[in-house]
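Here's the structure, in structure tokens; my notes come after.
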Amino acid sequence: MFADSEYTGFRAEVRAFCESEIAPLAAKADEEQIFPKENLEKLQKKGWWKIQLPEEYGGINYNTVQYSIIVEELCRVCGSTGLTVAAHNSLGVGPIYSFGTPEQRDRYLKTDSSQAVLVAFGLTEPQAGSDAGGTQSVAVRNGDHYVLNGTKSWITSSNLCKYAIVTARTDKSGGVKGISSFILEKGMPGFSIGKKENKMGCRGSDTAFMHFDDVHVPVENRMGAEGEGFKQFMITLDGGRISIGAMALGLSVGAFEVAAKYAATHKQFGKPIGEYQAIQWKLADMATRIEAARGLIYGASVMKDKKQNYSQQSAMAKLYAAEVCNFVTSEAIGVLGGDGYSPRYPVERMYRDMKLTEIGEGTSEIQRMVIARAILKSIKVDA
Ligand code: COS
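To get my numbering, take the position in the sequence shown, counting from 1, and add 1.
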């Protein structure tokens, strides 16, 4: 496989765990729209709620290629679990580690090692989706605390989480530079979880509204200085987009493997359908695009670890992997025909889960915008 030969043993170990522990619960989680509680504990034992944190915070300190492999392998068998792990790691504990004070890191990252303590990421609002700078939640300073009001939508792990990092406007006149970020704790009066979404895919992940009604947030819960929130969250999404690319890759690999096996064994007109060129070309195109997506994802992962500017590469990785995933999951259903159109095989679930990868953490249109802006910025125009 492309570029990951040094991770062959690592991947095999990760895959064995995902197949034995995560895969058996995937269909039920999708059907019942409930995140399997057993997975919280299983993943805690693996250290996968703190994949890239240093050991002093209970983490396992993996690099970003290893992180991407874990998300990919989880999504190969269960998109909902992969998404939940990805959101918590890259959008939850990641930014607290990157932007938090030593006190905030100690309080929110040095958590009880016997329990999964999830952190949610509250950026999106009903009127601020692609336009993340359109944040309408407001935090007004009042002495040693802020009074927070507003609503966040589409928040992964709203019910499962113990903490949430959220953005709110601290300067009404300041555009994106008037947005700050805060760490909230469940149980703060006025902080409540609203309606759960009834989603097309990733139905086993916990997605709901968050409401803030005069929540008193201590000043020490602000992350960074006032006005830094938007930039922090954009930097965070650069990393998050690698995760969603890895998610798309995992769903693609899962669907491809089912289709390839089916093509090798299912007979029509007296021979396996894989012997017909029409099916062979589908498999060849699926496999080729999967390898190309893998290259982009690992490339962006390596750049992140080298602390290079990888914003454009993570947007490219997510954009391309999501488009590949749309192609592959759809073609997989094509190979299986009627069998692919029912839950008898997991490809229909993977097809539904796929759609999230084209929307979450920035739509494909937003990725194109990020990529094009980076290209144009790099071009020097003579005055
Ligand atoms: N890293 C560091 N800084 C960044 C950044 C990044 N990736 N992206 C933007 N910024 C900075 C800019 O440099 C600018 O700061 P300066 O004026 O100091 O240079 C500031 O943030 C504003 O940037 P910009 O003008 O590009 O903001 P826009 O309002 O035009 O928004 C997009 C930019 C569209 C890219 C942003 O709103 C976005 O990513 N939207 C999608 C949101 C999303 O992914 N939501 C999913 C939520 S999680 S499920």
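Cβ atoms here follow ideal geometry from the backbone N, Cα and C, with glycine treated the same way. Small disclaimer: the values here were computed from a predicted structure and weren't measured.
The beta-bridge partner set that DSSP reports for E186 consists of Y164. Rounded to the nearest whole angstrom, the C-alpha separation of G363 and I280 is 33 Å.
With a 10 Å radius around the Cβ and a threshold of 16 neighbouring Cβ atoms, N327 comes out buried. At a cut-off of 4 residues, the continuous stretches assigned as alpha helix (DSSP H) that sit fully inside the segment 258-315 are 278-306.
Counting only residues of its own chain and dropping the five nearest sequence neighbours on each side, V118 has a CB closer than 7 Å to the CB of T112 and K163.
For A373, the number of other beta carbons within 10 angstroms of its own is below 16, and it is reported as exposed.
Per DSSP, V148 is one residue of the beta strand (DSSP E) stretching across H146 to T157.
Per DSSP, V371 is one residue of the alpha helix (DSSP H) stretching across S365 to S379. Ranked by how close their Cα comes to the Cα of G101, the residues A133, S81, G83 and Y58 have Y58 in first place. Secondary structure of T65 (DSSP, three-state): helix. At a cut-off of 3 residues, not a single continuous stretch assigned as beta strand (DSSP E) sits fully inside the segment 20-96. The continuous beta strand (DSSP E) containing M211 extends over residues T208 to P219. DSSP, read as helix, strand or coil, puts I194 in strand.
The DSSP-derived three-state label of A117 is coil. Across the structure, A316 and M370 are spaced so that their CA atoms are roughly 9 Å apart. DSSP, read as helix, strand or coil, puts E362 in coil.
T9 counts as exposed, since fewer than 16 other beta carbons sit within 10 angstroms of its beta carbon.
Classified as exposed, N143 has fewer than 16 neighbouring CB atoms from the shown chains inside 10 Å of its CB. Burial is judged here by how many other beta carbons sit within 10 angstroms of a residue's own beta carbon; N199 has fewer than 16 and is exposed. Contact between the segment 284-297 and the segment 204-221 is not established, with fewer than three Cβ pairs separated by less than 8 Å.
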